[in-house]
Structure formats: structure tokens, C-alpha cells
Amino acid sequence: MGYKYLHEIVSVAEKNDKPFWKIILEDDCTERNVSEVESFETMRGMLHAMQEADMHYDPTLHSASGLVGGDGAKLERFRLEGKSLFGEFMSQIMEKAVKMSESNACMKRIVAAPTAGSCGVLPAVLLSYEEQKQLPEDELVKALFVAAGIGSVLAESSSISGAEGGCQAEIGSASAMAAGAVVYMEGGDNEQIIHATALALKNMLGLTCDPVAGLVEVPCVKRNVSGAVNAVVCAQMALAHIKSAIPPDEVIDSMRRIGKQIPACLRETGGEGLAITPTAQRIVKELSEK
Amino acid sequence: MGLFDILGPVMVGPSSSHTAGAVKIGYVSRRLMGEEIVEAKILLYGSFLATGKGHGTQLALVAGLLGMKPDDERIPHSLEIAKERGIKLSFGEAILKEAHPNSTQLLLVGKSGRKLEIVGESLGGSIINIAQIDGLSANFSGDYATLIVHNHDQPGHLAEVTSMLAHKSVNIAKMQLYRSNRGGNAVMVIECDQEIPQGAIQWLAHLEGIEKVTYLSLEES
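First to last, the protein sequences are chains A and B.
142 is the number of the first residue of the first sequence in our numbering; add one for each residue after it.
19 is the number of the first residue of the second sequence in our numbering; add one for each residue after it.
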């Protein structure tokens with residue numbers, strides 16, 4: 142993408158009196174030499190793929206390792222029994238985030254957003270919002286452009302790969318993307334979009350990537366829930382006109398620097414953290430004997 | 019990275035490198051073979067070997083060899099589908115020197131008896147690199163129409179190939195040359211902006227000093 146900074150997108154949007162999402166769409170059209178309709182419909186395809194993946198969740202499936210599966214159904218049951226600590230919206234977000242991540246671990250079709258390991262965050266927030274507030278589909282597609290634009294800046298100026306920057310780069314990025322999307326859907330302005338992004342990212346800085354047995358399962362699946370809930374929490378702060386004391390692009394640069402400082406043993410190599418706990422080692426041994 | 023590399027791709031999980039990338043390596047290998055594969059020896063290296071089972075890397079590679087793309091929902095069932103089609107499969111460990119941690123070596127036999135050996139690397143995201151073909155360096159992504167020519171290391175072969183491309187109005191995007199030793203085996207890898215006509219490839223294969231021509235077409239067959 143042509144934009145390395147969030148403030149660049151905001152200033153281009155404001156100078157041309159165009160919404161945030163349109164700037165991202167126009168950039169895609171230039172990059173790939175496609176029409177606006179084509180770009181918009183490709184993004185609509187991503188939304189449909191997310192909806193399908195959500196609909197086709199299968200509570201009976203377990204991953205090949207057996208570590209993951211069925212938790213989405215547990216959360217759904219809990220919500221339907223009226224026991225939720227939160228309202229419908231947040232409860233549904235938790236549920237959908239687990240479901241999508243479990244589907245991913247069970248080799249179902251998902252949309253990497255920005256990665257497969259963080260694929261639950263954005264659809265959980267968007268699809269729950271759609272169910273609760275009945276937003277027209279085109280608005281959801283526009284929200285996806287907002288999220289993708291934020292993700293592109295993160296990829297350009299920091300990283301979206303756990304092996305490179307730790308989990309902050311994956312679920313942290315997904316959460317930041319989703320926070321911006323929620324602000325857009327709620328009618329917030331561009332400044333609020335990028336401040337929600339910054340607030341969400343700040344809560345995820347420093348997260349390591351230390352999954353058990355190298356699989357996209359533990360702790361990834363449940364961390365998708367935190368990423369999704371964090372997105373809404375930060376969107377609400379931004380909508381209430383709370384600002385990130387550190388400007389958004391400086392937060393992103395911090396994420397880049399922190400990623401470089403995270404030792405290699407905590408960047409998807411299985412050398413430290415949760416991956417070397419006695420339980421994780423036992424699981425690795427069991428899997429190798431399977 | 020494009021916008022739809024950030025929001026996307028649509029893929030079968032769980033891992034963009036160990037699953038989607040592996041499907042792509044298999045798929046590109048199948049296209050390079052240019053015919054149905056009847057036998058495949060699939061050897062894994064590094065992280066592919068260590069965590070491949072939990073990531074479905076083997077299933078993904080087989081799916082690709084069957085012609086499936088990373089979003090194909092039949093990927094988890096690729097072994098059964100291969101069995102139904104009577105494809106002979108075997109798996110093992112690859113012994114490679116200084117390879118990328120996510121590497122696989124594929125020893126393939128096609129319907130006509132054509133043999134092909136590929137070393138493929140999954141670089142992250144679902145980006146791949148075909149590192150070797152038949153034991154010689156290659157290094158291409160599979161995102162372009164790609165011509166791989168194995169020839170004797172002697173003057174003139176490069177000129178033959180490039181003048182053929184010029185004649186067919188095919189523009190070269192990237193080009194690499196490798197050889198085993200002076201006067202020995204050489205390979206040229208040419209990534210193109212346009213497809214090369216089938217007839218031109220056949221013509222090339224019959225020239226003296228040309229050992230083998232392999233072509234990756236992006237057109238759906």
C-alpha cells in the first residue's frame with residue numbers, strides 16, 4: 142500500500158473530503174489496476190467468506206492434536222442460558238471469536254485477517270455488530286476497508302507476523318484493525334478511528350508468540366477473544382472522545398521496536414514461555430507418539 | 019503487500035505458512051509437471067517436519083498436488099481423494115543442506131512417466147519459493163508464468179530462448195541463470211508477464227543442447 146502512516150490517510154481523506162475507507166479503496170485500485178467496483182466486490186467476497194465460516198462452525202470438531210474444539214458451543218450455551226456477565230453484543234463477540242479460531246484449527250475455511258492465527262477477532266466484532274444493529278451490508282464492507290487500511294499501515298511500518306514481531310503483531314494488529322472498524326460503523330470521525338486503533342494496540346504491546354507444540358491453538362484460540370473484546374472496549378473509549386496520549390503512529394513505531402527486542406525464543410520458535418512448560422512438553426511428547 | 023494479503027486470503031486453516039503455503043507449493047508443482055501426478059514422495063524438513071502433522075502440512079501438500087488451491091474445503095480429505103485416484107504416496111524426512119525452516123522436497127512422477135524433483139519453501143503468509151528443480155537452483159514464486167530450461171552450459175542457448183520470447187511478444191519480468199560447473203548442467207529461470215504459447219515451448223524442448231523444458235502456466239486448464 143502507498144500509506145505508511147495513519148495520519149497520512151487521515152490528512153488525504155480530509156484534504157479530499159472523502160471518507161477513510163474510500164482512500165483505502167482508491168489505493169487498492171491504483172496498486173492492482175482494478176476498478177472501484179471490482180475492489181469493493183472483492184472485499185464483499187471477504188465478508189461473505191467470513192459469514193460462511195461463522196455459519197458453518199461445527200461444535201463436534203476437534204483439531205488434529207485434540208487440544209482445541211467445542212468451546213464456542215460452550216460459550217453459546219452459557220449465553221443462551223442467560224448467565225452472561227456482559228450484554229448480548231459482547232457475549233456474542235466472545236463466542237464468535239472462539240468459533241472462528243476453532244474452525245481454523247480444525248482445517249475449515251477462514252479469512253486470514255491479518256493472519257490465520259488471528260482470524261477470529263475481526264469477524265467476531267463485525268458479524269456480532271451486524272446481528273445486533275442490522276447494518277446494511279455495504280457499510281460492513283466499508284468497515285472492512287477501514288480495517289484493511291489500518292492493517293496495511295501496520296504491515297508497512299511494523300509487522301503482522303508472529304515470527305517477526307510476536308503475538309502483538311498478529312492478535313494485536315487484528316484488535317487494532319477491529320477497533321477502527323467499530324468506530325467507523327458507529328459513525329465516529331477519522332481521528333476517533335485512529336485513536337481507537339492506538340488504544341487497542343497499546344493494550345497488546347509486548348505479547349509474545351509461544352504456542353504449545355508450535356500449533357495455532359494454545360494460547361491463540363482464546364487470545365482471539367481478548368483481542369476482539371479489547372477492540373470494542375477501545376472503540377468505546379475513542380467514541381467517548383478519549384484520546385491516546387501517545388499519537389497512533391508513534392504507538393505503531395513502538396510496536397515495531399518492541400518486536401525487534403522480543404527474543405527469538407518468544408517469536409514462534411517454541412523455545413520459551415508457555416511452549417516449554419511441563420504440560421506443553423508432555424503434550425509435545427504425546428503428539429509425537431500419536 | 020497488497021490490501022487482500024492483509025485482509026485475506028480466504029484459506030483452509032490452521033496456518034498460512036504451514037497449510038496455505040504448503041498447498042501452494044503442491045499446486046505449483048502440479049502445474050510444473052503439466053500432467054496428472056501418479057506417484058509422489060513427500061519429504062519434509064525443519065518446522066514442516068516438526069509441526070507438520072498438527073498443521074495438516076502433508077494433507078495440504080497432497081491437496082496441492084491434486085490441483086487444489088488454498089481455499090479448497092476438500093484439503094483435509096486429500097489423502098482419501100488421492101487414494102481413490104490411485105495415486106501412490108509416501109512420506110519421509112528430507113535431508114537438505116541449509117534450507118529454509120519450512121521446506122519440502124517432492125519427488126514426483128507424472129502420468130507419462132515424466133519425473134520432477136522440487137524443493138519448495140514456505141516463506142510466511144502464504145508466500146512461497148520454488149528453490150530447486152531437479153537438483154538445480156530455481157528460486158521463483160509461482161506468481162508469474164515461469165519458464166525453466168535445463169541445458170548444457172554452452173554459448174547460445176540463452177539467445178535462443180530470449181529471441182523466441184521476443185518473437186512471441188512475451189516480456190521478461192525476472193530472469194536467473196545457474197550452472198553446476200563450467201561446461202556442465204545449466205538452468206535458466208524466466209518469469210514472464212505473458213503466457214508462452216505451447217508450440218514455442220515444444221520447439222524449445224527439441225533444440226540441441228536443451229535437456230528439459232518445464233513451464234508453469236497460470237492459465238486454468
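Glycine is no exception: its CB is placed at the ideal position from the N, C-alpha and C atoms.
Per DSSP, L183/B is one residue of the alpha helix (DSSP H) stretching across 175 to 185.
Between A405/A and chain B, the shortest Cβ-Cβ separation is not below 8 Å.
Partner residues in the beta bridge of L234/B, as assigned by DSSP, are T164/B. For A339/A, the enclosing alpha helix (DSSP H) begins and ends at 331 to 343. Interface annotation, A68/B: in contact with chain A, CB-CB separation under 8 Å. H170/B sits in a strand when the DSSP states are folded into three classes. Spanning the alpha carbons of D168/A and G110/B requires a straight line of approximately 45 Å. Residues of chain B whose Cβ lies closer than 7 Å to the Cβ of T183/A are, in chain order, F22. Every beta strand (DSSP E) stretch that sits fully inside the region 97 to 131 of chain B and reaches 3 residues is listed by chain position as 106 to 111, 120 to 128.
For R173/A, at least one C-beta of chain B is nearer than 8 Å to its own C-beta. Taking 8 Å as the threshold, the shortest C-beta distance from I93/B to chain A falls below it. The region 380 to 397 of chain A and the region 231 to 242 of chain A do not touch, with fewer than 3 CB-CB distances between them shorter than 8 Å. When secondary structure is reduced to three states using DSSP, M19/B falls in the coil class, being assigned neither helix nor strand.
Here F66/B carries a helix assignment [DSSP, helix/strand/coil]. The C-beta distance from L21/B to A289/A rounds to 5 Å, short enough to fall under 8 Å. Contact with chain B is found for S302/A, since one of that chain's Cβ atoms lies less than 8 Å from the residue's Cβ.
With respect to I234/A, V373/A sits close: the two C-beta atoms are nearer than 8 Å.
Taking each of L236/B, H175/B, G31/B, Q216/B in turn and checking the Cα distance to Y196/B, the smallest one comes out for H175/B. The beta-carbon of L147/A is placed no less than 8 Å from the nearest beta-carbon of chain B. Separation of M86/B and R48/B (C-alpha to C-alpha, rounded to the nearest whole angstrom) is 10 Å.
Shown here, Y198/A sits in coil according to DSSP, grouped into three states, outside any helix or strand. For N199/B, there is no enclosing alpha helix (DSSP H), as DSSP gives it neither H nor E. Annotation: S259/A is outside any beta strand (DSSP E) and is labelled neither H nor E by DSSP.
In this structure, I335/A lies away from V209/A, with their beta-carbon atoms at least 8 Å apart.
For R250/A, there is no enclosing alpha helix (DSSP H); the enclosing beta strand (DSSP E) covers residues 250 to 252. In its chain, beyond the 5 residues on either side, no residue has a beta carbon closer than 7 Å to the beta carbon of N174/A. At least one CB of chain A lies nearer than 8 Å to the CB of V28/B.
Note that the region 132 to 149 of chain B does not touch the region 170 to 184 of chain B; fewer than 3 beta-carbon pairs, one per stretch, sit closer than 8 Å.
Per DSSP, reduced to three states, the secondary structure at Q275/A is coil, with no helix or strand assignment. Not one beta carbon of chain B lies nearer than 8 Å to the beta carbon of N371/A.
With a beta-carbon spacing of about 6 Å, S314/A and G292/A fall inside the 8 Å limit used to define contacts.
Contact note: D89/B reaches chain A through A190, R250, using a C-beta cutoff of 9 Å and chain order.
Your pair F230/A and Q273/A checks out as a contact, with CB atoms roughly 5 Å apart and the cut at 8 Å. DSSP places R408/A within a strand segment (E or B) once states are collapsed to three. Under the three-state reduction of DSSP output, N174/A falls in the coil class, being neither helix nor strand.
Counting along the chain, the unbroken alpha helix (DSSP H) around E155/A starts and ends at 147 to 156.
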